[in-house]
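*Asks:*
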Amino acid sequence: MLVPLIFVLLSAFTFASPATKKIIRNDDIQERATFFNSYWTDNKPKVTYKNGPAGQYSVTWDSTGNFVGGKGWNPGSASKVVNYTGTYSPNGYSYLAVYGWTTNPLIEYYIIESFHPDHDPAAPPEGEDMGNVTSDGSLYLIRTKMRVNKPSIQGTATFRQIFSVRQEKRSTGMVTVSTHLDAWKAAGLKTGTHNYMILATEGMNSSGTADMTVY
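FYI, the numbering for the sequence shown is -16 to -1, 1 to 199, going by mature numbering (1 follows the signal peptide of the UniProt record, and there is no 0).
Printed below as a string of structure tokens:
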């Protein structure tokens, strides 16, 4: 939901207290792939986050608070086709999504592939319905809401969130990013210059496990 104030540089970490900012580049020589890793927490949840080779990561969480973490690219790209596979088992408020930020304008976006039914992402009255788009075998609902004086990649700021919410949930598949960006633009929701883009797991006041690989 927020910004990567914490980056990790090792294969296994348990996050239960504040940490310093770090940067990660994960290189797997055999696959010749470099992935950007991002992890953010409000320092309340107990989360065990582990980086595997190339685009693989796993996370287990169980407590109050908010976290979001995963792997992908920095910068992201409008032309990116994100392939992913794995298992995702949340209990409570949680998303599995292609997640990232743009600047000019400052936008936080989610292409949500799965979520726990306890919280339908940005559904009214929390957010606003802006239409829908069909992509990669499913209908996605387009939604938006504003965040006022919240943490962002540019510090505390006011910015828009944009969501595409997949109606046929899954934890293995492909996301054609350009289809969503085009649909958002047609709905009057413009994005800007890409910052990072990751396959992310997010949890808030919930528990669960995820073991995902992006490529």
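The C-beta atom is built at its ideal place from N, Cα and C for all residues, glycine as well.
Which residues does DSSP pair with Glu92 in a beta bridge?
*Replies:* Glu92 is bridged to Trp85, Gln145.
*Asks:* Among Tyr77, Ser42, Trp24, which residue has its Cα nearest to the Cα of Met196?
*Replies:* Nearest C-alpha to Met196: Ser42.
*Asks:* What residue from Ser122, Phe143, Leu125 has the CA that sits closest to Val132's CA?
*Replies:* It is Phe143 whose Cα lies nearest to the Cα of Val132.
*Asks:* Tell me the rounded alpha-carbon separation between Met158 and Leu183.
*Replies:* Cα-Cα distance, rounded: 11 Å.
*Asks:* Is it buried or exposed for Ser63, if we count other Cβ within 10 angstroms and need 16 for buried?
*Replies:* Exposed, since its Cβ has fewer than 16 Cβ neighbours within 10 Å.
*Asks:* For Gly115 versus Ala171, is the C-beta distance shorter than 8 Å?
*Replies:* Yes, the Cβ-Cβ distance between Gly115 and Ala171 is below 8 Å.
*Asks:* Going by the beta-carbon positions, is the gap between Gly70 and Phe20 smaller than 8 Å?
*Replies:* Their beta carbons are not under 8 Å apart, which means Gly70 does not touch Phe20 by this criterion.
*Asks:* Using the three-state DSSP reduction, which class does Thr193 fall into: helix, strand or coil?
*Replies:* Reduced to three states, the DSSP call for Thr193 is strand.
*Asks:* Applying the criterion that 16 or more other CB atoms from any shown protein chain within 10 Å of the CB defines a buried residue, is Ser119 buried or exposed?
*Replies:* So Ser119 counts as buried.
*Asks:* With 16 as the cutoff for other CB atoms within 10 Å, does Trp152 come out buried or exposed?
*Replies:* Reading the sequence as shown, one finds Glu at residue 152 and not Trp. Label assigned to Glu152: exposed.
*Asks:* What residue range is occupied by the uninterrupted alpha helix (DSSP H) comprising Asp166?
*Replies:* Counting along the chain, the alpha helix (DSSP H) containing Asp166 begins and ends at 161 to 170.
*Asks:* According to DSSP, is Glu186 helix, strand or coil?
*Replies:* Strand at Glu186.
*Asks:* At the level of alpha carbons, what is the spacing between Ala141 and Pro89?
*Replies:* Looking at the two C-alpha atoms, the distance is approximately 12 Å.
*Asks:* Does Gly139 pass the burial test, meaning 16 or more other C-beta atoms within 10 Å, or should it be called exposed?
*Replies:* The residue in question, Gly139, is exposed, as its Cβ has fewer than 16 Cβ neighbours within 10 Å.
*Asks:* List the residues that DSSP assigns as beta-bridge partners of Met114.
*Replies:* Answer is none; Met114 lacks a bridge partner.
*Asks:* Could you check which residue in Asn27, Lys34, Ser22, Ala38 has the C-alpha nearest to that of Tyr199?
*Replies:* Among Asn27, Lys34, Ser22, Ala38, the Cα nearest to that of Tyr199 belongs to Ala38.
*Asks:* Write down every uninterrupted run of the alpha helix (DSSP H) in the stretch 18 to 44 whose length is 4 residues or greater and which is fully enclosed by it, in chain order.
*Replies:* Complete alpha helix (DSSP H) runs here, min 4: none at all.
*Asks:* Could you tell me if Thr175 is buried or exposed, where buried requires 16 or more neighbouring beta carbons within 10 angstroms of its beta carbon?
*Replies:* By the neighbour-count rule (16 or more Cβ atoms within 10 Å), Thr175 is buried.
*Asks:* Considering only DSSP beta bridges, list what Lys134 is partnered with.
*Replies:* Beta-bridge pairing links Lys134 to Ala141.
*Asks:* Check whether the Cβ atoms of Ile95 and Val82 lie closer than 8 Å to each other.
*Replies:* Yes; because the gap between Cβ atoms is below 8 Å, this pair is in contact.
*Asks:* On the CB-based measure, 16 or more other CB atoms within 10 Å of its CB, does Met130 come out buried or exposed?
*Replies:* Exposed, because fewer than 16 other Cβ atoms sit within 10 Å of the Cβ of Met130.
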